[in-house]
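Chemist: Got a structure here, written out as structure tokens. Questions coming.
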Amino acid sequence: GAVVSQHPSWVICKSGTSVKIECRSLDFQATTMFWYRQFPKQSLMLMATSNEGSKATYEQGVEKDKFLINHASLTLSTLTVTSAHPEDSSFYICSASGRVRSQPQHFGDGTRLSIL
Amino acid sequence: AQTVTQSQPEMSVQEAETVTLSCTYDTSESDYYLFWYKQPPSRQMILVIRQEAYKQQNATENRFSVNFQKAAKSFSLKISDSQLGDAAMYFCAYRSAIVGANSKLTFGKGITLSVRP
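Protein chains in written order, with the working numbering: chain X, 972 to 1087; chain R, 36 to 152.
Below you can see the structure in the form of structure tokens.
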């Protein structure tokens, strides 16, 4: 089946640092990628949708200058948390979708981000 | 806008028994997909089952089956012969099938299922 690789799986860093999370589709062309944030025991909250070669579309309330999303190729999207602070600590998950709308999204394994 | 409602935050089932997780949704679209995802403690999102709205037949995947009632906008998941490994958080999700519409998933709040040995 389709595989999405997300890296790193866990990162701990100091406040003020910028952190980059990568999401790669390994065996299909991901025309659309989604970035979610999830707090413990809660649902996934969509942060933004990115189409290859286009600017990301952010959900209401998500700071686009804080969460920079790049989707420069059909296999790679990145989320950069700029000048991270403790309140940015969370679990971030990406998913990828191909051109065929009937096919389900494929999820990465997530990144646990802890800001000290 | 579409919404997905999972009104039960937690459920418990005895091992080997059957449990049904409920989900309702609201949409004005006629063509869409519905999904159930499982998220175990590892937090990996695992697709359990998928239903296409234009298909009347309920989807089935081994011990997992759905009861899709399109008119009632209901999409419940039945887990038969529950196993300890079924313990997880389960999310119901909606995705538009309309060409040109955003292909994002709309998730319910999720339900935590525990399995008693």
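Even for Gly, the Cβ is constructed at its ideal location relative to N, Cα and C.
Just to confirm my understanding: we take R:Asp116, look at its own chain, exclude 5 residues before and 5 after, and list those with CB closer than 7 Å. What are they?
Modeler: For R:Asp116, where only same-chain residues beyond five positions count, the Cβ hits under 7 Å are Ala51 and Arg98.
Chemist: Among R:Thr62, R:Gly135 and R:Phe70, which residue has its Cα nearest to the Cα of R:Leu56?
Modeler: Nearest C-alpha to R:Leu56: R:Phe70.
Chemist: If we cut at 8 Å on Cβ distances, does R:Phe142 have a partner in chain X?
Modeler: It does; some Cβ of chain X falls within 8 Å.
Chemist: In its own chain, which residues sit with a C-beta less than 8 Å from the C-beta of X:Thr988, not counting the 5 before and 5 after it?
Modeler: Closer than 8 Å at the Cβ level, and outside the excluded window around X:Thr988, lie Ser1054, Ala1055 and Ile1086.
Chemist: Quick one, are the C-beta atoms of R:Leu148 and R:Val39 less than 8 Å apart?
Modeler: Contact flag unset, no.
Chemist: Over what stretch of residues does the beta strand (DSSP E) that includes R:Thr55 continue unbroken?
Modeler: Where R:Thr55 is concerned, the enclosing beta strand (DSSP E) stretches over Val54 to Leu56.
Chemist: Output, in sequence order along the chain, the residues in the segment 1046-1077 of chain X whose CB is closer than 9 Å to any CB in chain R.
Modeler: Taking 9 Å as the Cβ-Cβ cut-off against chain R, the residues of the segment 1046-1077 of chain X that qualify are Phe1062, Ile1064, Ser1066, Ser1068, Arg1072, Ser1073, Pro1075, Gln1076 and His1077.
Chemist: Cβ atoms of R:Met80 and X:Phe1078: under 8 Å apart, would you say?
Modeler: Closer than 8 Å, so yes.
Chemist: Please list, in chain order, the chain R residues whose beta carbon lies closer than 8 Å to that of X:Thr988.
Modeler: What X:Thr988 touches in chain R: nothing, since even the nearest Cβ is about 23 Å away.
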